[in-house]
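Visitor:
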Amino acid sequence: MSDPILNEGRRVLSLEGEAVLAARDRIGDGFRSAVEILEKATGRIIVSGIGKSGNIGRKIAATLTSTGSPATFLHPIEGLHGDLGIVSSEDVAILISKSGETGELAGLIEYLARVGVPIVALTGGLDSTLARNATALVDCSVAEEACPMDLAPTTSTTVTLALGDALAVVLLQRKGFESSDFARLHPGGALGRKLTVTVSDVMISDEYPVVGPAATLKDCIVPLAEMRGTVAVVDDEHALLGVLTSGDLTRVMERDPDFLQVSVSDVMTADPKTAGADELGAAAVHRMEEFGIMALPVVSDSGRLEGMVHLHDLMRAGAV
């Protein structure tokens, strides 16, 4: 039976999704010019808009700032009543308006032109006052709003937000912005922990059991229990040779009644996945999840075993 509530929700999502894809197909020289202007800015990125466009502008400014391109939102009316002092000739402006004829932006456009601040316009009005005064024009036009009366900004704000995200992501890539930079700008909360917890923070590095290649499975039962199901196999120089897991032991038990006498070297995984002490815990977690592993040996560049890191320890530390 058709559900009118779900059908309307799907209509809105389809309409907005199609509009974003259409915007993707239209980006060209204007988008490229916008990126180049923003990349060359030696000052800040000033983002401005009124109403719903202002709300989108605040989010774009926040995204730019958090990805290494310092930005601030300037309300166009408050700007004309004293806040224009924050704008310098080294800055670049992103002005947002669906029609490009927003009256509240007129005074700001005039001021920016007077002091020589380049304007990146995010607008659907491609022959508007804003478009004609822009240094770079990013096409945010849409065929229709999702609002059934084609009035409330819905599809247009979604497209503008998506294009703002596209600008920010291209900029961070061109600037060489890395996860360590992101962590520096997001020190608090779960996101900060995810980007700062390293393998060395949680790995077991002292007094953990290991076995040699000549050991039998009988010798491994206690170490496997102590190490929560994964024990490292090393040589006399403590170089990693392989790993043995509880799963390996179980499989041998099922097929060999004399499993206790089986040599570790006949059962172990000789080329195991490993982790580095300095890598992000999130990267180690991704490797464990990808290959269905509960623990990884931590090795140095020379292949020497430095410890073991367990999935549950990384999760408790907030690496995911």
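Per the numbering used here, the sequence shown starts with residue 12, numbered consecutively.
Note that CB positions come from ideal geometry on N, CA and C, so glycine has one too.
Taking the C-alpha atoms as reference points, what is the distance between residue 144 and residue 41?
Guide: About 13 Å.
Visitor: Would you call the CB atoms of residue 259 and residue 252 closer than 9 Å?
Guide: No, these two residues do not count as a Cβ contact at 9 Å.
Visitor: Leaving aside the five residues before and after residue 120 along the sequence, list all residues of the same chain whose C-beta is less than 8 Å from its C-beta, in chain order.
Guide: Answer for residue 120: 106, 130, 140, 141 and 144, listed in chain order.
Visitor: What first and last residue would you give for the alpha helix (DSSP H) that runs through residue 40?
Guide: Residues 40-51.
Visitor: Nearest to residue 87 by CA position, among 78, 109, 114 and 79, is which residue?
Guide: That would be 114, whose Cα lies nearest to the Cα of residue 87.
Visitor: What separation, rounded to the nearest whole angstrom, lies between the Cα atoms of residue 319 and residue 216?
Guide: C-alpha separation (whole angstroms): 7 Å.
Visitor: Which same chain residues, not among the five before or five after residue 65, have their C-beta less than 6 Å away from its C-beta?
Guide: Contacts found: none.
Visitor: Tell me the start and end of each unbroken beta strand (DSSP E) in the stretch 97-180 that is at least 3 residues and wholly inside, in chain order.
Guide: The stretch 97-180 contains these whole beta strand (DSSP E) runs: 103-108, 130-134 and 147-150.
Visitor: Tell me the DSSP secondary structure of residue 299 in three-state form.
Guide: DSSP places residue 299 in helix when its eight states are reduced to three.
Visitor: According to the neighbour-count rule (16 or more other Cβ atoms, all chains shown, within 10 Å of its Cβ), is residue 16 buried or exposed?
Guide: With fewer than 16 other Cβ atoms within 10 Å, it is exposed.
Visitor: Which first and last residues belong to the alpha helix (DSSP H) in which residue 253 is found?
Guide: No alpha helix (DSSP H) contains residue 253, which is instead part of the beta strand (DSSP E) from 251-256.
Visitor: Quick check on the DSSP output: the beta strand (DSSP E) that includes residue 225 runs from which residue to which?
Guide: Element bounds for residue 225: n/a, residue is neither H nor E.
Visitor: For residue 316, is the classification buried or exposed, using 16 other Cβ atoms within 10 angstroms of its Cβ as the cut-off for buried?
Guide: Under this definition residue 316 is a buried residue.
Visitor: Drop a sphere of 10 angstroms on the beta-carbon of residue 269, count the other beta-carbons inside from all chains shown, and report buried for 16 or more, exposed for fewer.
Guide: Burial call: exposed.
Visitor: Specify, as a first and last residue, the run of the alpha helix (DSSP H) that residue 15 falls within.
Guide: Note, residue 15: alpha helix (DSSP H), 15-37.
Visitor: Taking residue 128 as the reference, which of 101, 151 and 182 has the closest Cα?
Guide: Comparing Cα-Cα distances from residue 128 to each of 101, 151 and 182, the minimum goes to 101.
Visitor: Quick check on this structure: which residue in 232, 79 and 289 has the alpha carbon closest to the alpha carbon of residue 186?
Guide: Ranking the options by Cα distance to residue 186, first place goes to 79.
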